[in-house]
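A.B. asks:
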Amino acid sequence: MIFSFGQNGCYFVGVECRSWDSFLEGQCNCGNRGERCRFMGVFSTPAPHKTRYYLRTGF
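Residues 1476 to 1534 in my numbering are what the sequence shown spells out, letter by letter.
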């Protein structure tokens, strides 16, 4: 079973970024007010149309 809700304070958060490589190089962040990040799964928040978000899993 895959869980999309926060267990032990962990949530899936996508970071807006132009490419996977840029994301891996640390060129993207959530912005000063968190405006460039979105929760995913049960706690998902609306995002602008055609915006790309990246996150790492499996740590």
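Think of the CB as a built atom: it goes at the ideal place given N, C-alpha and C, for glycine as much as any other residue. Predicted model only: the values in this text are computed from it and were never measured.
If you follow the beta strand (DSSP E) that Phe1514 is part of, which residue opens it and which one closes it?
C.D. replies: 1512-1514
A.B. asks: CA-CA distance, Asn1504 and Val1517?
C.D. replies: 22 Å
A.B. asks: Bridge partners of Val1490, per DSSP?
C.D. replies: Cys1512, Tyr1529
A.B. asks: Using only alpha-carbon positions, find the residue among Pro1521, Glu1500, Val1490 that is nearest to Asn1507.
C.D. replies: Residue Val1490 is the option with its Cα nearest to Asn1507.
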